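Residue numbers (the working numbering), protein chains in the order written: chain G, 222 to 565; chain P, 222 to 565.
The C-beta atom is built at its ideal place from N, Cα and C for all residues, glycine as well.
As the structure is a computational prediction, the values presented were derived from the model and not from experiment.
Protein chains: 2
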Amino acid sequence: MQVTASDVARMAGVSPMTVSRVINGETSVRESTREAVNRAIRKLGYSPNKAARSLASANSLQIGLLYANPSSAYLSAMLLGVLEQARQNDTQILLVECGAEPDASKVIRGLIRSGVDGVMVTPPAADDPVILRLLKRNRGIQAVTIGTKHEDDGIASVSIDDYEAAKAMTRHIIDLGHRRIGYIKGGAEHWSTCWRLAGFRDALLEAGIELEDELIVAGDYSYRSGLRAADTLLNLKPAPTAIFASNDDMAAATVATAHRYSIGVPKGLTVCGFDDTFLATTIWPELTTVRQPIADMSKAAIELLVKNVRAKRAGLTPACDHLELKFHLMRRQSDASPSVKIRR
Amino acid sequence: MQVTASDVARMAGVSPMTVSRVINGETSVRESTREAVNRAIRKLGYSPNKAARSLASANSLQIGLLYANPSSAYLSAMLLGVLEQARQNDTQILLVECGAEPDASKVIRGLIRSGVDGVMVTPPAADDPVILRLLKRNRGIQAVTIGTKHEDDGIASVSIDDYEAAKAMTRHIIDLGHRRIGYIKGGAEHWSTCWRLAGFRDALLEAGIELEDELIVAGDYSYRSGLRAADTLLNLKPAPTAIFASNDDMAAATVATAHRYSIGVPKGLTVCGFDDTFLATTIWPELTTVRQPIADMSKAAIELLVKNVRAKRAGLTPACDHLELKFHLMRRQSDASPSVKIRR
DNA sequence: CTGAAAGCGCTTACAG
DNA sequence: CTGAAAGCGCTTACAG
């Protein structure tokens, strides 16, 4: 029924060992032999048995992926990256949705008991000190977080520089001529909330623009919270000429709110977001935002984790890097210079 | 290093065979023996080696998943369903993005060559007759489509009844008192486009409302196309009092366009969508829409495919069912009775 | 550059 | 209800 390496070997007149070598692209095979094997492979429609390879090479591993209440856009980009990398590394992914503490701790303990080699954790669980400590204490398991940078050794991380990204975006808004800029914060349980706000603040400071408390309003990264926050900001006297929402969902909500007040974007109001999820290019006008390379970050996270698990298996000390990928300012149609001079 | 069934067996004073029985939940094990084994398992932190199980039982399989240019919301829901079901069935998923013909044909041929046992195909590839024929002719591979119903034997399918769903939604709009209802079509390469339109049309007919060509405008399921279509509809004299967009993306665009014209939703215009992706509850007001149980459909599709592959392996003829899941009308905040009587 | 032997960690099929 | 034997389809480690 199933074609095996032995079948191929027989047809090619070699040993199964040589077939294995050809399949694994080893160089120590005579060219003519390789060709004969490849011909037999094609003729028989042979493809190696994954399970047998995994078992024999003892190379495969299992990783738990904790994801929590994400936006679809973030999740699908992440999943695509994770799955591609996982396949390439012969690793199984165990998807588990989980909330914050204490749920996350329980889930992680269960995962460890079930024998996973590592876990990949997303915010906000990745930003929770209790979770981080739990991960660090469990020497039997490797961990990687994705999202905001942290510097624990023992836990790898892949992130962008939220601070610099927010600062760059704020500078861009300032360069357009805005002086009265509203800011919508993310949820308190996310570290990104602090870093992005700090970047915003420092950009203003460096430009010599005074901070005004009323211009910084609470949000929690949800569309709904963005609606409320934008409403607050647009009712300020004078209203801001630009609003920097710290993620795309809240930026989209800001655009919608502006439209309800018959304020045009970007003519009457500049709106900028963060993340560059699919929402950014779905709404009208398309959002100027900060691009986070989510799929690439996910791939890098899996790669790092696999590397560390294999290092540990080989008896080495895992390196546990902290990778920082580049962000990009995506300038689109939601920003413009202020049309009216604001008296300050 | 790794704890094996033999280790457990030794500690429990039984044979590895018995450990295997306990793990697989076989009933023919004395209760006291089972307990001893379970105690040893817990004590040693044993978890069975997946690869070894797959190899020995020859039960695992590989499925290619063709997805094409979907919305993030649709994709993430689908992926979550697929992955959960795949893990439970010991099957590997090979994700491949692919466009329409001839790209899709090439991808499928490659997948077959690479030795997958089956493929799961999403629209619009799942609606392409060339693809369907290719799948049907390849007796070596099992296939399942998801989305719109088709009735090929040899290819399983999981779907909702697009026709009845669109009809139900249209009836709902009519019941609210609307008589002049705009409709935005999907892309021509999707079968769902035909079925949904037919449902819309028949509901009008049954209510004795005359069809007017100008009220049915082209779209392609993208937000952008929805913007244009809504613009056309809202400039009609008289304008429709309700618009049924055949997916959520275009419905969201319709809401945005209405807002630009300072038309309130639902007071000045009823807007209904289709799919119930996350967009539906993300925008304001939340959309009244048709819920498609995407994750459940995906799970069912994988389950069906696995069943068919195993049947074929066992020498039986695969059953190749056509499953139809229930849709649900999700009434939310974007619909209302018309406030102004329309002269016809 | 190539092969014979042993083994990866399970399960199937057969005994008892 | 339990076990000894053989084997799943590869790869590793060792020879030559």
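Between the options, which lies nearest to residue i when the distance is taken from Cα to Cα?
| i | options | result |
| --- | --- | --- |
| Leu457 (chain G) | G:Leu436, G:Ala477, G:Ile244 | G:Leu436 |
| Asp373 (chain P) | P:Ala450, P:Val250, P:Arg358 | P:Arg358 |
| Ser193 (chain G) | G:Arg263, G:Leu304, G:Arg308, G:Ser268 | The question about residue 193 (chain G) has no answer, for chain G in this structure spans 222 to 565. |
| Ala261 (chain G) | G:Ala230, G:Glu247, G:Arg334 | G:Ala230 |
| Val179 (chain P) | P:Leu301, P:Val340, P:Ser293 | The displayed coordinates of chain P run from 222 to 565. Any statement about residue 179 (chain P) would go beyond what the structure contains. |
| Ala389 (chain P) | P:Val511, P:Lys488, P:Asp349, P:Val476 | P:Val511 |
| Ala272 (chain G) | P:Leu265, P:Thr312, P:Thr343 | P:Thr312 |
| Arg226 (chain P) | P:Val250, P:Asn259, P:Glu252 | What sits at residue 226 (chain P) in the sequence shown is Ala, not Arg. The candidate whose alpha carbon is nearest that of Ala226 (chain P) is P:Asn259. |
| Gly485 (chain P) | P:Tyr288, P:Ser560, P:Asp228 | P:Ser560 |
| Asp470 (chain G) | P:Glu252, P:Ile362, P:Leu500, P:Ala387 | P:Leu500 |
| Phe548 (chain P) | P:Lys264, P:Arg417, P:Leu454, P:Ala451 | P:Arg417 |
| Ile523 (chain P) | P:His543, P:Val303, P:Asp228 | P:Val303 |
| Asn468 (chain G) | G:Ala479, G:Ala439, G:Gly320 | G:Ala439 |
With 8 Å set as the bound, which would you pick, yes or no: does the beta-carbon of residue i sit closer than that to a beta-carbon of chain P?
| i | result |
| --- | --- |
| Phe495 (chain G) | no |
| Leu276 (chain G) | yes |
| Ser560 (chain G) | no |
| Glu305 (chain G) | yes |
| Ser281 (chain G) | yes |
| Leu537 (chain G) | no |
| Ile563 (chain G) | Note that Ile563 (chain G) has pLDDT 46, beneath the 50 cutoff, so the model's placement of it is unreliable and the number below is only indicative. Judged by the 8 Å Cβ criterion, Ile563 (chain G) is not in contact with chain P. |
| Arg481 (chain G) | yes |
| Ser297 (chain G) | yes |
| Gln363 (chain G) | no |
| Gln313 (chain G) | yes |
| Gly246 (chain G) | no |
| Lys327 (chain G) | no |
| Gly336 (chain G) | yes |
| Lys271 (chain G) | yes |
Just checking my contact of residue i with residue j at CB under 8 Å: how many whole Å lie between their CB atoms?
| i | j | result |
| --- | --- | --- |
| Ala474 (chain P) | Leu448 (chain P) | 5 Å |
| Ser413 (chain G) | Glu545 (chain G) | Ser413 (chain G) to Glu545 (chain G), Cβ: 14 Å. No contact. |
| Leu421 (chain P) | Thr462 (chain P) | For the record, residue 421 (chain P) in the displayed sequence is Phe; it is not Leu. That pair is no contact at about 15 Å. |
| Tyr442 (chain P) | Gly408 (chain P) | 5 Å |
| Ala289 (chain P) | Ala346 (chain P) | 5 Å |
| Leu316 (chain P) | Leu301 (chain G) | 7 Å |
| Gly266 (chain P) | Val224 (chain P) | 6 Å |
| Ile376 (chain P) | Cys541 (chain P) | 7 Å |
Cβ of residue i versus every heavy atom of the ligand COA: is any distance shorter than 7 Å?
| i | result |
| --- | --- |
| Leu296 (chain G) | As presented, the structure is devoid of all ligands, the ligand COA included, so that no description of it is given. |
Tell me, please, whether the CB atom of residue i is closer than 8 Å to any CB atom in chain G?
| i | result |
| --- | --- |
| Thr503 (chain P) | yes |
| Tyr444 (chain P) | yes |
| Ser467 (chain P) | no |
| Lys264 (chain P) | no |
| Leu300 (chain P) | yes |
| Gln554 (chain P) | no |
| Leu526 (chain P) | no |
| Ala230 (chain P) | no |
| Leu508 (chain P) | no |
| Ala477 (chain P) | yes |
On the CB-based measure, 16 or more other CB atoms within 10 Å of its CB, does residue i come out buried or exposed?
| i | result |
| --- | --- |
| Asp497 (chain G) | buried |
| Ser519 (chain G) | buried |
| Met238 (chain P) | exposed |
| Asn270 (chain G) | buried |
| Ala279 (chain P) | exposed |
| Ser555 (chain P) | buried |
| Ser292 (chain P) | buried |
| Pro539 (chain G) | buried |
| Arg360 (chain G) | exposed |
| Ala428 (chain P) | exposed |
| Gln283 (chain G) | buried |
| Ala277 (chain G) | exposed |
| Asn245 (chain P) | exposed |
| Pro487 (chain P) | buried |
| Lys562 (chain P) | Reliability fails at Lys562 (chain P), whose pLDDT of 49 lies under 50, so the model's placement of it is uncertain and no value is given. |
| Arg400 (chain G) | buried |
| Val235 (chain G) | buried |
| Thr248 (chain G) | exposed |
Every unbroken alpha helix (DSSP H) inside the segment 461–485 of chain G [4 residues or more]: 469–481
Start-end ranges of the beta strand (DSSP E) lying completely within the segment 503–533 of chain G, minimum 3 residues: 510–512
Complete runs of the beta strand (DSSP E) confined to the segment 331–378 of chain G [at least 3 residues]: 339–342, 363–369
Continuous beta strand (DSSP E) assignments of at least 3 residues falling wholly in the segment 256–301 of chain G: 282–288
Contiguous alpha helix (DSSP H) assignments of at least 4 residues, all confined to the segment 374–413 of chain G: 383–396
Entirely enclosed alpha helix (DSSP H) segments - the segment 410–444 of chain G, minimum 4 residues: 412–427
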